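Protein chains in written order, with the working numbering: chain E, -12 to 346; chain P, 226 to 541. A virtual CB, placed ideally from N, CA and C, is assigned to each residue, including glycine. Since we're looking at a predicted model, the values are computed, not measured.
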């Protein structure tokens, strides 16, 4: 073999196909991902389980009637009128049992009819208790002979996008995009550096930009899959429909994934220790889990915190997705959120590529 | 004779530690140079400076007439094949997938089949990397270095931790590359490896090159000597051994003794006679002619593989 001529082995043409490095890098990234069963669960299984759990907990039920304990003789006319009520569920009780029930929040209100005038005992801090008081008072007044001056008509409504699951689903999609982008990019980079794979690549003729781009491309592929799975799950399991356009949904998701991939790149730019990387990724994600309103509205946080909350990438993504989902918002109504996402994507990517260490 | 690798006055410091303290190297095209030294001697840093992974603090590097940082780095990388220490090339990937990836980085190169054949991995081409043996992983690393059909091959301790058979198989691949006109720079702390593969050897210790030459030149540099080694329970009167005719040096470590003396049989007989006079019973008495190990020991007073736990003795 030693006298084999050197030239013919030098191919380029003999490989029928010319391999494109960016394509090959992306394929390798995809393979490494789908050959890791744990990753599949965290990206696809976990958000679905989450949606099922929360969807069950907050499923739409007929409104519960506040429970009221009544202290009175069984033939008291007001007590008998109250039993007929559609608004509250009343029970005749002994005083001791009634007080115990009140303390354990079995009853929202205690109505004492033993005196000349009714007495309400309740905790005014509790919304349910105040509601019960209003209902009971209404029933008692009517039973005592009050005449209503107006005759309002009730029109019960169930608008799409007003259930909790409709509120929750866009939040879960946003959380999922954040988790998979930050981890998918950040963690993989740190592992590659730890395995000294980055420095091995650095001594080849590979374009370094190809390597970083391959992370974004592989994220795109998974982004598409994640979106399809979660949106379809929402439709099939809960009947949660996208009121706005799918194109807007895809574009916003893309920008969101870009912003979080940038943050992942930033984490992966220098760290060579997986524990440290996990710490950083949690440090980035945890505050946003709480503040950005994925599970409950971020308007609950005080006014002075809002300027910070509103420029967080997860807030922008959650708000934009939710408004597309439930309010059929068009992109020109979401310019602020789009701007926030683009700024995070560009800022983090620029900073990350400047500080990136191949060693 | 054109030079493939030329570096002058290479210095690299990490903090206050001087890893490489002024190294000059010349490797002609088609030659194989071995950088030989114990762990921590600066071998790896030297190679990584040449590979362009680190910037030298001082000195110049020229590879195939090109220098790093002059805008032709990628052209230069197209012509280098590199194998680094302790690289995990992708646990979840199959052998051919790893190779295909590395092939895609190079504009020209060998076909995957050709390279797989060369390194003897055809049978495991569809196997996942993490299921391979240590020797197979090293061959994958070598295949990745060869797949771009490089002009210069850098190998950093290519056979550390391999059994003798796997080592021989790897040597055969390197020899084949050399025979086709390729230039090789390899680091090793195995004397045997340096002797088997290298045209020239540079011995490096504490960041400096302390000797260089062909393996034969280095060994001959010690003179016409032989080494006698033995172990004994009783203390030996070393002073009397040193006074013997032809004995050049006596080194002791715990109960082990090592004498360097001229090659004549009479001189050896004199040593044995003296030992018997001292009523010393030598255990495991052996004699051998000088090897590169002895060269290193003589130069530094330390064993090459002292830091490592070698699988086999250097004398045989």
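- Take residue 272 (chain P), set aside five residues on each side of it, and the residues of its chain with a beta-carbon closer than 8 Å to its own are 260, 379, 381, 410, 412, in chain order.
- Sixteen is the threshold: since fewer than 16 other Cβ atoms of the shown chains lie within 10 Å of the Cβ of residue 291 (chain E), the residue is exposed.
- Beta-carbon to beta-carbon, residue 372 (chain P) and residue 331 (chain P) are separated by about 7 Å, close enough to satisfy the 8 Å threshold.
- Distances from the alpha-carbon of residue 475 (chain P) to those of P:249, P:456, P:232 put P:456 closest.
- Annotation: Cβ neighbours of residue 193 (chain E) in chain P (cutoff 7 Å, chain order): 330.
- If you ignore the 5 residues before and after residue 222 (chain E), its C-beta comes within less than 7 Å of the C-beta of 228, all in its own chain and listed in chain order.
- Proximity of chain E to residue 275 (chain P) at the Cβ level (cut-off 9 Å) is not reached, the minimal Cβ distance being about 10 Å.
- The beta carbons of residue 329 (chain P) and residue 11 (chain E) sit about 4 Å from each other, so the pair counts as a contact at 8 Å.
- Annotated three-state conformation of residue 206 (chain E) is helix, per DSSP.
- Taking a contact as a CB-CB distance under 8 Å, the pair residue 230 (chain P) and residue 288 (chain P) counts as one, their CB atoms being some 6 Å apart.
- The distance from the Cβ of residue 425 (chain P) to that of residue 280 (chain P) is about 26 Å, inconsistent with a contact at the 8 Å cut-off.
- By the rule that beta-carbons nearer than 8 Å mark a contact, residue 18 (chain E) touches chain P.
- DSSP places residue 483 (chain P) within a strand segment (E or B) once states are collapsed to three.
- Cβ atoms of residue 122 (chain E) and residue 177 (chain E) stay farther apart than 8 Å, at about 59 Å.
- The residue among P:500, P:246, P:277, P:472 with its C-alpha nearest the C-alpha of residue 188 (chain E) is P:277.
- Taken in chain order, the whole beta strand (DSSP E) runs of length 3 or more contained in the stretch 315 to 400 of chain P are 377 to 381.
- Listed by position along chain E, the residues whose Cβ is nearer than 9 Å to that of residue 314 (chain P) are 182, 184, 187.
- No Cβ-Cβ contact shorter than 8 Å links residue 68 (chain E) with residue 94 (chain E).
- Within its own chain, the residues whose Cβ lies closer than 7 Å to the Cβ of residue 244 (chain E), once the five positions on either side in sequence are excluded, are 164, 168, 206, 210, listed in chain order.
- For the options E:103, E:226, E:194, the alpha carbon positioned closest to that of residue 149 (chain E) is the one of E:226.
- Residue state for residue 120 (chain E) is assigned as helix, using DSSP reduced to three classes.
- Bounds of the beta strand (DSSP E) holding residue 438 (chain P) are 433 to 438.
- Residue pairing by DSSP puts residue 512 (chain P) in a beta bridge opposite P:453.
- At a Cβ-Cβ threshold of 8 Å, residue 247 (chain P) and residue 235 (chain P) count as neighbours.
- By the criterion of a C-beta distance shorter than 8 Å, residue 408 (chain P) is surrounded in its chain by 229, 230, 252, 253, 254, 255, 256, 257, 376, 377, 378, once the five residues flanking it on both sides are discounted.
- Interface residue (Cβ-Cβ distance to chain P less than 8 Å): residue 346 (chain E) is classified as such.
- DSSP, read as helix, strand or coil, puts residue 151 (chain E) in helix.
- For residue 306 (chain E), the uninterrupted alpha helix (DSSP H) segment begins and ends at 300 to 314.
- Bounds of any beta strand (DSSP E) do not take in residue 262 (chain P), whose DSSP letter is neither H nor E.
- Cβ neighbours of residue 227 (chain P) within its own chain (closer than 6 Å, five residues either side excluded): 254.
- Assignment of beta-bridge partners to residue 92 (chain E) by DSSP yields no partner.
- Think of a sphere of 8 Å around the beta carbon of residue 327 (chain P): the chain E residues whose beta carbon falls inside it are 191, in chain order.
- The Cβ of residue 262 (chain E) sits no closer than 8 Å to any Cβ of chain P.
- With respect to the C-alpha of residue 321 (chain P), the residue from P:310, P:232, P:353 having the closest C-alpha is P:353.
- With a contact defined as Cβ atoms closer than 8 Å, residue 264 (chain E) and residue 277 (chain E) miss out at about 21 Å.
- At a cut-off of 8 Å between beta-carbon atoms, residue 237 (chain P) makes no contact with chain E.
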